[in-house]
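Shown next, in structure tokens, is the structure this report addresses.
Number of protein chains: 4
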Amino acid sequence: MARTIGSHGPKTMEAIRKAGLRLIFEHGYAAMSLRQLAAEVGIQSGSLYNHISTKQELLFELIRDHINELLRQLDRALQGQERPADKLRAFTAFHVSYHMTRKREVFIANSELRSLEPKNYEEIVALRGAYERRLAEILSQGVAEGEFEVVDVQVATFAILALLTGLTTWYRPGGRLTKEAIVAAHEKLVLSSVAPGTTPNQAQAKRPLSRSAATSAKPERR
Amino acid sequence: MARTIGSHGPKTMEAIRKAGLRLIFEHGYAAMSLRQLAAEVGIQSGSLYNHISTKQELLFELIRDHINELLRQLDRALQGQERPADKLRAFTAFHVSYHMTRKREVFIANSELRSLEPKNYEEIVALRGAYERRLAEILSQGVAEGEFEVVDVQVATFAILALLTGLTTWYRPGGRLTKEAIVAAHEKLVLSSVAPGTTPNQAQAKRPLSRSAATSAKPERR
Amino acid sequence: MARTIGSHGPKTMEAIRKAGLRLIFEHGYAAMSLRQLAAEVGIQSGSLYNHISTKQELLFELIRDHINELLRQLDRALQGQERPADKLRAFTAFHVSYHMTRKREVFIANSELRSLEPKNYEEIVALRGAYERRLAEILSQGVAEGEFEVVDVQVATFAILALLTGLTTWYRPGGRLTKEAIVAAHEKLVLSSVAPGTTPNQAQAKRPLSRSAATSAKPERR
Amino acid sequence: MARTIGSHGPKTMEAIRKAGLRLIFEHGYAAMSLRQLAAEVGIQSGSLYNHISTKQELLFELIRDHINELLRQLDRALQGQERPADKLRAFTAFHVSYHMTRKREVFIANSELRSLEPKNYEEIVALRGAYERRLAEILSQGVAEGEFEVVDVQVATFAILALLTGLTTWYRPGGRLTKEAIVAAHEKLVLSSVAPGTTPNQAQAKRPLSRSAATSAKPERR
DNA sequence: GATGAATGAGCTTTCATTCAT
DNA sequence: GATGAATGAAAGCTCATTCAT
Chain Z
1 MARTIGSHGP KTMEAIRKAG LRLIFEHGYA AMSLRQLAAE VGIQSGSLYN
51 HISTKQELLF ELIRDHINEL LRQLDRALQG QERPADKLRA FTAFHVSYHM
101 TRKREVFIAN SELRSLEPKN YEEIVALRGA YERRLAEILS QGVAEGEFEV
151 VDVQVATFAI LALLTGLTTW YRPGGRLTKE AIVAAHEKLV LSSVAPGTTP
201 NQAQAKRPLS RSAATSAKPE RR
Chain A
1 MARTIGSHGP KTMEAIRKAG LRLIFEHGYA AMSLRQLAAE VGIQSGSLYN
51 HISTKQELLF ELIRDHINEL LRQLDRALQG QERPADKLRA FTAFHVSYHM
101 TRKREVFIAN SELRSLEPKN YEEIVALRGA YERRLAEILS QGVAEGEFEV
151 VDVQVATFAI LALLTGLTTW YRPGGRLTKE AIVAAHEKLV LSSVAPGTTP
201 NQAQAKRPLS RSAATSAKPE RR
Chain E
1 MARTIGSHGP KTMEAIRKAG LRLIFEHGYA AMSLRQLAAE VGIQSGSLYN
51 HISTKQELLF ELIRDHINEL LRQLDRALQG QERPADKLRA FTAFHVSYHM
101 TRKREVFIAN SELRSLEPKN YEEIVALRGA YERRLAEILS QGVAEGEFEV
151 VDVQVATFAI LALLTGLTTW YRPGGRLTKE AIVAAHEKLV LSSVAPGTTP
201 NQAQAKRPLS RSAATSAKPE RR
Chain H
1 MARTIGSHGP KTMEAIRKAG LRLIFEHGYA AMSLRQLAAE VGIQSGSLYN
51 HISTKQELLF ELIRDHINEL LRQLDRALQG QERPADKLRA FTAFHVSYHM
101 TRKREVFIAN SELRSLEPKN YEEIVALRGA YERRLAEILS QGVAEGEFEV
151 VDVQVATFAI LALLTGLTTW YRPGGRLTKE AIVAAHEKLV LSSVAPGTTP
201 NQAQAKRPLS RSAATSAKPE RR
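If you read the sequences in order, they're chains Z, A, E and H. Under the UniProt record's numbering, the first residue of the first sequence is numbered 1, with each subsequent residue one higher. Under the UniProt record's numbering, the first residue of the second sequence is numbered 1, with each subsequent residue one higher. Under the UniProt record's numbering, the first residue of the third sequence is numbered 1, with each subsequent residue one higher. Under the UniProt record's numbering, the first residue of the fourth sequence is numbered 1, with each subsequent residue one higher.
Written out as structure tokens, the structure is:
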């Protein structure tokens with residue numbers, strides 16, 4: 001990939017983002033050196049600075065742009081859905097599909113938050129919170145309407161997101177299953193997981209879950 | 001100067017492991033410097049080498065010891081369970097409980113596999129495969145006995161593991177929920193997720209899933 | 001900060017080689033630190049790596065380039081000489097002269113072979129063998145034509161080379177003797193040493209010296 | 001060799017000297033680590049300090065003891081010889097024989113002088129000077145009596161010593177030649193080298209060689 | 001006399017970043 | 001916009017040496 005010697009202009013920036021995405025995905029932000037990145041792009045490491053301001057900024061922009069796009073597309077995917085189950089199915093289908101085509105962006109946005117400097121971290125976490133809230137609200141609505149049953153909405157939100165995002169660790173194009181099959185498999189799991197039924201045993205929260213606590217607790221960086 | 005009075009060998013090793021666990025959990029393996037680690041332990045960085053052979057070896061042993069312990073305890077937790085639902089509940093309860101007390105080990109064992117050198121990586125992935133296989137077999141049995149319904153056992157295995165392991169990214173002792181509540185919340189989600197019901201739409205695998213492909217595919221490092 | 005004005009690439013490389021030569025000559029390869037070398041050149045130690053790839057590579061190239069040059073010039077010096085005595089005189093004069101102007105290179109090429117990694121060592125020893133073979137052949141020819149008398153050609157070859165190369169341990173420009181006097185002194189010693197005469201006492205080799213054994217024995221790294 | 005676990009007392013000291021000799025011979029003083037040495041002896045590196053005071057002191061004593069022994073034995077070997085040729089033959093035979101049985105000591109005493117700290121260096125060089133002077137005096141006497149002819153006594157002294165000492169770089173027991181043959185080969189070379197004959201071309205010293213200049217010049221460390 | 005664990009300095013090498021050209 | 005050469009800090013690791021046990 002890349003390495004088109006002499007590439008310049010916006011093409012170079014694009015190559016940097018692409019290569020950066022791949023290298024961070026494979027080795028992690030801290031383990032990726034700008035020399036590696038530059039070599040991948042086919043330029044000297046000093047030349048990177050004609051396009052990026054710092055390594056940190058590159059990471060930040062990759063993540064921020066990704067989450068913004070994710071949010072934009074999620075809202076489009078949810079449009080027109082009214083009933084909680086439909087919303088949840090749409091959410092799941094969108095999430096899985098998106099993760100299959102952008103697995104590197106998604107993976108990095110989840111795994112490299114700790115590599116962000118505080119200011120950047122805050123900004124990204126706020127955006128991520130918006131995404132999580134979409135799901136939390138779907139679940140809350142479903143519970144309120146009696147369509148869903150969960151022990152705890154907050155836990156269910158995190159669990160379902162983890163379930164769906166786990167995809168990025170094993171999915172690869174051209175595998176055994178079609179994309180549709182993978183989407184279907186996840187829809188089944190997610191929709192069933194919150195379906196009403198015999199709850200194993202009744203557990204109590206130590207404290208009631210206030211609306212804000214549900215999403216803004218942030219006890220530590222995660 | 002020689003050794004500070006009162007600091008002993010095994011105690012130092014234990015301090016190194018503990019601090020290493022914390023630092024890798026917080027910053028990642030690549031971003032943790034041995035100087036940091038040594039400072040945390042209260043010795044010079046060169047002194048670490050009286051206890052570890054390399055940074056890589058430290059990571060490897062932390063992960064390997066963790067997975068071995070995990071496997072050992074899992075098998076004990078599953079003892080005596082016969083029906084798939086009971087097994088799955090036991091698996092879930094054990095997994096969640098264990099992850100709450102050893103969240104750093106668990107997190108690292110999942111996130112730092114890519115930091116392992118090939119030989120070490122192979123060894124850990126083999127161990128991890130054993131763990132995954134326990135769950136895959138529970139699901140298979142449940143499906144065969146008509147107790148569970150999943151679109152694809154392999155996908156369900158990965159998804160459920162991801163769901164459960166996601167816990168490590170947000171759990172912290174002293175939070176809003178009791179441990180029991182957290183376990184219960186996950187039991188509900190997991191048991192429901194594979195419960196028979198209306199599968200959204202029928203999807204087909206491109207290829208049938210052979211037994212071995214299910215667990216040994218390893219298309220790329222994950 | 002960036003580069004100091006006026007310091008250029010090739011000039012820096014040349015300064016590194018020159019300073020490296022001197023430091024290795026004075027302290028030995030293992031005892032020379034790259035910090036020392038960099039300080040000598042007037043740059044930071046990390047900056048060395050814009051010019052060399054490793055410390056080992058620097059040593060290797062210094063030695064290899066030297067031996068290649070030595071061989072090239074030797075062959076020129078021997079051109080036109082027919083009789084063994086003339087060849088031997090030419091060899092001696094060339095060797096001594098060259099060693100007086102390049103004593104550091106010569107010394108290092110002899111004393112630091114053990115510091116070379118196996119692959120580099122093999123390459124250099126092969127080149128050195130070519131040089132030794134020139135002298136061995138001159139002696140053989142002289143013995144065959146009855147002009148020289150030696151107890152053993154192989155021993156004589158090594159001994160004469162050692163005699164000549166010893167120069168590097170004491171020669172310094174501006175000493176008591178002119179270069180010409182030093183050359184003459186060595187010519188006398190070398191030519192006399194193989195002159196026919198009364199051999200002290202007749203000694204026997206345990207085994208006859210095969211042609212190949214003479215030059216390829218290499219019992220151990222030397 | 002060595003590694004007799006639990007060896008103690010004078011036996012350990014002897015093992016240290018033996019192993020040190022070998023390691024310095026093979027890798028050089030700077031490149032030999034005390035950990036290596038200790039491992040060879042079968043103890044921990046800290047334990048070395050029950051026997052040596054510093055690494056430098058070990059080197060110094062190895063060299064000093066060697067040269068003292070060399071001088072002692074040389075004087076015994078020269079006893080009873082009157083005529084310069086007989087003395088030179090005896091010197092050569094002794095030197096070669098001794099170098100064959102103690103090649104490591106000899107090699108180190110020549111190659112590691114630069115690794116000695118100034119004070120130690122001075123002491124060793126003084127001893128070495130005594131050894132060189134024996135040969136210089138033999139040559140001077142021979143020249144004075146008309147038995148030898150050399151262009152310059154000083155140069156001849158250094159050259160003959162280099163010739164003889166070169167042995168340590170290639171000799172190994174069990175090689176093609178008997179010890180006697182090797183001695184004979186060197187006797188022929190050395191005695192012939194100073195034999196009167198047609199001096200190639202008459203060269204002049206820039207300055208006459210004063211008695212003291214011949215041996216105490218020491219223009220630089222060599 | 002040996003050990004094991006420590007020190008503090010030092011090693012070679014890599015890093016992100018800068019900037020004259 | 002790219003290069004090549006620089007910086008200064010820091011990396012993982014090794015070193016000779018010390019000393020309580």
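We put the beta carbon where it would ideally sit given N, CA and C, even for glycine.
Residue-level contact to chain A via CB, residue i, 9 Å cutoff
i, result
"G197 of chain Z", "yes"
"R176 of chain Z", "yes"
"residue 245 of chain Z", "One cannot answer for residue 245 of chain Z here, as it falls past the ends of chain Z, which runs 1 to 222."
"G28 of chain Z", "yes"
Minimum Cβ-Cβ distance from residue i to chain H less than 9 Å
i, result
"G166 of chain E", "yes"
"A184 of chain E", "yes"
"P200 of chain E", "Only weak support is given to the placement of P200 of chain E: the predicted model assigns it a pLDDT of 46, under 50, and the question is left unresolved by the model."
"A181 of chain E", "yes"
"R83 of chain E", "no"
"E105 of chain E", "no"
"R114 of chain E", "yes"
"V194 of chain E", "yes"
Other residues of its chain near residue i: CB distance less than 7 Å, five sequence neighbours each side excluded
i, result
"G20 of chain A", "L37, L58 and L62"
"F25 of chain Z", "R104, F107 and I108"
"E187 of chain A", "R89, T92 and A93"
"A30 of chain Z", "S115"
For residue i, the nearest candidate out of the options (CA to CA)
i, options, result
"Y98 of chain A", "A:H27, A:L164, A:S47 and A:G42", "A:L164"
"L161 of chain Z", "Z:I138, Z:N120 and Z:G174", "Z:I138"
"T169 of chain A", "A:M100, A:F148, A:I124 and A:E117", "A:M100"
"P118 of chain Z", "Z:Q56, Z:S45, Z:V96 and Z:G197", "Z:Q56"
"E82 of chain E", "E:E145, E:P196 and E:L71", "E:E145"
"L88 of chain Z", "Z:N50, Z:G46 and Z:E132", "Z:E132"
"A185 of chain Z", "Z:L78, Z:L48, Z:A77 and Z:A93", "Z:A93"
"Q44 of chain Z", "Z:L23, Z:L34 and Z:E112", "Z:L34"
"S140 of chain H", "H:A130, H:N68, H:R128 and H:Q154", "H:Q154"
"V96 of chain E", "H:A126, H:A159 and H:S193", "H:A159"
"R176 of chain A", "Z:D152, Z:E180 and Z:G80", "Z:D152"
"I124 of chain H", "H:A85, H:H66, H:G174 and H:L78", "H:H66"
Below-9 Å beta-carbon distance, residue i vs any chain E residue
i, result
"S216 of chain H", "In this predicted model, S216 of chain H has a pLDDT of only 40, less than 50, meaning its place in the structure is not dependable enough to derive any value."
"E69 of chain H", "no"
"T169 of chain H", "yes"
"K55 of chain H", "no"
"L23 of chain H", "no"
"V189 of chain H", "The sequence shown places Leu at residue 189 of chain H, not Val. Answer yes: the Cβ-Cβ gap between L189 of chain H and chain E drops below 9 Å somewhere."
Own chain partners of residue i with C-beta closer than 8 Å, once the 5 adjacent residues on each side are dropped
i, result
"G6 of chain E", "The predicted position of G6 of chain E is uncertain, since its pLDDT is 46 and thus under 50; a value taken from the coordinates is nonetheless stated next. Within the same chain, G6 of chain E has no close Cβ partners at all."
"N110 of chain A", "T165 and T168"
"A149 of chain E", "Sequence inspection shows Glu at residue 149 of chain E; the Ala mentioned does not correspond to that position. Within the same chain, E149 of chain E has close Cβ partners V143, V194, A195, P196, G197 and T199."
"Q73 of chain A", "F94 and Y98"
Min CB distance residue i to chain Z below 9 Å
i, result
"S97 of chain A", "no"
"A90 of chain A", "no"
"A31 of chain A", "yes"
Cβ shell of residue i (< 6 Å), same chain only, five flanking positions each side left out
i, result
"M32 of chain E", "L23 and I24"
"N201 of chain H", "Reliability fails at N201 of chain H, whose pLDDT of 44 lies under 50, so the model's placement of it is uncertain and no value is given."
heavy atom of the ligand ZN below 8 Å from residue i C-beta
i, result
"A30 of chain H", "The ligand ZN is not part of the structure shown, which contains no ligands of any sort."
(message) For the segment 133 to 162 of chain Z, list every residue whose C-beta sits within 9 Å of some C-beta in chain A, in sequence order.
(response) E149, V150, V151, D152, Q154, V155, A156, F158, A159, I160, L161 and A162
Could you list the residues in the UniProt DNA-binding region "H-T-H motif" (33 to 52) of chain H with a C-beta less than 8 Å from some C-beta on chain E, going in chain order?
none
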